[in-house]
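Inspection log for the structure reproduced underneath, given as structure tokens.
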Amino acid sequence: MYKKIICMVILLISICSCASIANAAITASDYINGYNAHINNDTSKTIEVVFTVTSPDYMDLLGAKTIILQEKATGSTKWEPVETYNYKTDPAMLKENARTYDYSVFYYDAVPGYSYRAKVYFYAEKGGSDTIEYITPAKTAK
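Heads up: the sequence shown begins at 2 in the numbering used here, then just goes up one per residue.
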């Protein structure tokens, strides 16, 4: 009976250890624990890039440092950059003292039938910093 109890305790400790390791792998970084971005094209010739980023604590800066909008012509296989947004020209891309942040940028010269996607460089800073690149799913312009 004593051996069964010891075996059960060891088994429970092993399971809890594995769960802790798996949970650590899910966390994006010490600074960013969630992020997403997508393309909206609800208006003719207008592309909206929307992003959301969250952190485990209040960050000195949180948001995106750079967004590169790319287009692909019908029948092409190559993505070409058409617009670059960055925090230096649009300081609102980064928010101070935030734990979560949502923001959008707009592109008004979309070509109907072309596909668009965005490379978003999420950023968080507090003592140290981290940047994570994310590429949105493509969307065809109206």
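Positions of the beta carbon are idealized from the N, C-alpha and C atoms, including for glycine.
Note that this is a predicted model, so its numbers are computed, not measured.
Apart from the five residues on each side of it in sequence, which residues of its chain come closer than 7 Å, Cβ to Cβ, to Ser105?
-> Around Ser105: Glu49, Val50 and Val51.
Got a sec? Which residues, its chain only, sit under 8 Å from Gln71 by beta carbon, not counting five neighbours each side?
-> Here the set comprises Trp80, Glu81, Pro82, Val83, Tyr117, Arg118, Ala119 and Lys120.
Cβ neighbour criterion (16 or more within 10 Å) applied to Thr78 = Per the 10 Å Cβ criterion, exposed.
Going straight from the alpha carbon of Thr141 to that of Ser56, what length do you get?
-> Using only the alpha carbons, I get a separation of about 31 Å.
Segments assigned beta strand (DSSP E), at least 3 residues, entirely inside the segment 35-79 = Counting only runs of at least 3 residues, the segment 35-79 fully encloses the following beta strand (DSSP E) elements, listed from N- to C-terminal order: 35-44 and 47-73.
Beta-ladder partner(s) of Ala139, from DSSP | Per DSSP, none; premise fails for Ala139.
Determine the direct distance from the alpha carbon of Lys143 to that of Thr101, and round the result to whole angstroms.
-> Going from the Cα of Thr101 to the Cα of Lys143 covers about 31 Å.
For Tyr86, which residues of its own chain have a beta-carbon under 6 Å away from its beta-carbon, when the five flanking residues on both sides are left out?
-> For Tyr86, the CB contacts under 6 Å within the same chain, skipping 5 residues up- and downstream, are Ile68 and Val106 in chain order.
DSSP on Ala111, reduced to helix/strand/coil?
-> Three-state DSSP puts Ala111 in coil, outside helix and strand.
Along the beta strand (DSSP E) that carries Ala125, what are the first and last residues, could you check?
-> Start and end: Ser116 to Lys127.
Could you give the residue range of the beta strand (DSSP E) that holds Pro82?
-> Pro82 -> beta strand (DSSP E) spans Glu81 to Asn87.
If you pair each beta-carbon of the segment 30-44 with each one of the segment 132-140, do three or more pairs fall below 8 Å?
-> Taking 8 Å as the limit for Cβ pairs, the verdict is that the segment 132-140 does touch the segment 30-44.
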